[in-house]
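Per my numbering, the sequence shown starts with residue 651, numbered consecutively.
Ideal placement from N, C-alpha and C gives every residue a C-beta, glycine not left out.
Have a look at the structure below, then the notes.
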Amino acid sequence: MTEPQAPIGQALAGQVLAGKVLVSKVLAENVMQGVRADLAAWAQLDEHFQPRLVSVLASSDEASRVYVQSKARRARKLGVDFHVVDLGPDATQDDLHAALHELSSDESVHGIVLELPLSAGLDADEALLHITHRKDVEGLTPANLALIAAGREAEAILPPTPRSVRFLLREALGDDLRGLRVAVIGPGRTVGRPLTFMLNNRGVTVTICNEHTRDLPGVLAGVDAVVVAVGRAGLLKAGHVQPHHVLVDAGINVQEDGSVKGDALPHLPVKAQTPVPGGVGPLTSALMYQNLVRAVKLQRGESVE
Numbered sequence: 651m652t653e654p655q656a657p658i659g660q661a662l663a664g665q666v667l668a669g670k671v672l673v674s675k676v677l678a679e680n681v682m683q684g685v686r687a688d689l690a691a692w693a694q695l696d697e698h699f700q701p702r703l704v705s706v707l708a709s710s711d712e713a714s715r716v717y718v719q720s721k722a723r724r725a726r727k728l729g730v731d732f733h734v735v736d737l738g739p740d741a742t743q744d745d746l747h748a749a750l751h752e753l754s755s756d757e758s759v760h761g762i763v764l765e766l767p768l769s770a771g772l773d774a775d776e777a778l779l780h781i782t783h784r785k786d787v788e789g790l791t792p793a794n795l796a797l798i799a800a801g802r803e804a805e806a807i808l809p810p811t812p813r814s815v816r817f818l819l820r821e822a823l824g825d826d827l828r829g830l831r832v833a834v835i836g837p838g839r840t841v842g843r844p845l846t847f848m849l850n851n852r853g854v855t856v857t858i859c860n861e862h863t864r865d866l867p868g869v870l871a872g873v874d875a876v877v878v879a880v881g882r883a884g885l886l887k888a889g890h891v892q893p894h895h896v897l898v899d900a901g902i903n904v905q906e907d908g909s910v911k912g913d914a915l916p917h918l919p920v921k922a923q924t925p926v927p928g929g930v931g932p933l934t935s936a937l938m939y940q941n942l943v944r945a946v947k948l949q950r951g952e953s954v955e
């Protein structure tokens, strides 16, 4: 699968890497232009065809509901048929499996998002087994993750957040990542674990850090870039980083006042840093819709890049 490409070459890189702030707004718009073009092409062939995207909720998590509302707004603007299946916080594992199985079997549904976190007691790993991997626009099913781990990305649907991180690293460090060293802090299933394999697939030497890593500043000193995706606001501080580092912050931490903070403190003394919000997020959202287009093509037997 090809990464989103800059429409105006090096001029775009200048907009993306502005001073020490690494943002993705321009890249996200480039991706969305491609999505709109695909949707328009399908509409010309069949004015009644609309890709259908379904979000499944099984919790009382307010942040998840905010994200669903954001998806709904963008879907309406694109002309994507967006639906929500809200099972409520009291849904059982069997309820969840039945809903996902039904959606996976429904030929009118092209993309499925299981909104995480689930209610306490529900097993996300078990639930994801019931989403067919060609409708998994978040790229988190075991089938898609296995393809990524096996180095078969061209056959997979890739998780949007790790893909966004990888593309931002390419913008900051150069298109060819081979031989570079990147530390990934937080080996979670949605970002850190798939990202590790996705970077390795591009020839990157990856250091994985977790809560048990000793001497974190010493571990990070020799790397070219640091990616943090733990879910703990302000975890990474000035004493952890070096001036030569590119820092990509994939943490999203919703505060009591409704503001969103990253896993790293802002404005750290590094070569470049993604802000939160405005860094990884805009491109991640756009790539999810690009994944929907890819899912539709896979299901319709159309060629994919």
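Residues near Asp745 in its chain [Cβ-Cβ closer than 6 Å; skip 5 each side]: Against the sequence shown, residue 745 aligns to sequence position 95. If we look at Asp745 and ignore the five residues flanking it on each side, its Cβ neighbours are Leu737.
Item to check | DSSP bridge partner residues for Asn851 (one or two, in chain order) | outcome: Numbered from its first residue, the sequence shown carries residue 851 at position 201. DSSP, once it has assigned bridges, lists no residue as partnering Asn851.
By alpha-carbon positions, which one of Ser814, Ile781 and Glu788 ends up nearest to Pro932? As a position in the sequence shown, residue 932 is number 282, starting the count at 1. Of Ser814, Ile781 and Glu788, the residue nearest in Cα terms is Ser814.
Assigned secondary structure, Asp696 (DSSP; H/G/I helix, E/B strand, else coil): Working through the sequence shown from its first residue, we reach residue 696 at position 46. Note: Asp696 maps to coil in three-state DSSP.
If you follow the beta strand (DSSP E) that Asp874 is in, where does it begin and where does it stop?
As a position in the sequence shown, residue 874 is number 224, starting the count at 1. No beta strand (DSSP E) contains Asp874, which DSSP labels as neither H nor E.
**Request:** With Ala822 as the anchor, note down where its beta strand (DSSP E) starts and where it stops.
**Result:** Translated into the one-based positions of the sequence shown, residue 822 becomes position 172. First-last for Ala822: Pro810 to Leu823, but that is the alpha helix (DSSP H), not the beta strand (DSSP E).
Margin query: Quick check on DSSP: helix, strand or coil for Asp899?
Written below: Mapped onto the sequence shown, residue 899 falls at position 249. Residue state, collapsed to three classes: strand.
Q.
Using CA atoms only, rank isn't needed, just tell me which of Arg882, His894 and Gln892 is closest to Val904.
A. One-based indexing of the sequence shown puts residue 904 at position 254. Considering only alpha carbons, the answer is Arg882.
Exercise. May I ask you to verify whether the region 821-835 touches the region 873-890, counting CB pairs closer than 8 Å and requiring at least 3?
Key: yes
Could you check where the beta strand (DSSP E) with His733 kicks off and where it finishes?
Walking along the sequence shown from the start, residue 733 turns up at place 83. Segment Asp731 to Asp736, the beta strand (DSSP E) holding His733.
* To do: List the whole-angstrom C-beta distance separating Leu764 from Ile781, where the pair is believed to meet the contact cut-off of C-beta under 8 Å.
  => Counted from its first residue, the sequence shown places residue 764 at position 114. Counted from its first residue, the sequence shown places residue 781 at position 131. Indeed they touch by this definition, with Cβ atoms about 7 Å apart.
- Query: When we look at the beta-carbon of Asp899 and count the other beta-carbons within 10 Å, is it buried (16 or more) or exposed?
  - Reply: What you label residue 899 is simply residue 249 of the sequence shown in a count that begins at 1. Asp899 comes out buried.
Worksheet item: Out of Asp740, Gly729, Pro701 and Leu870, which has the shortest C-alpha to C-alpha gap to Asp711?
Response: By one-based count along the sequence shown, residue 711 stands at place 61. Out of Asp740, Gly729, Pro701 and Leu870, Asp740 has the C-alpha closest to the C-alpha of Asp711.
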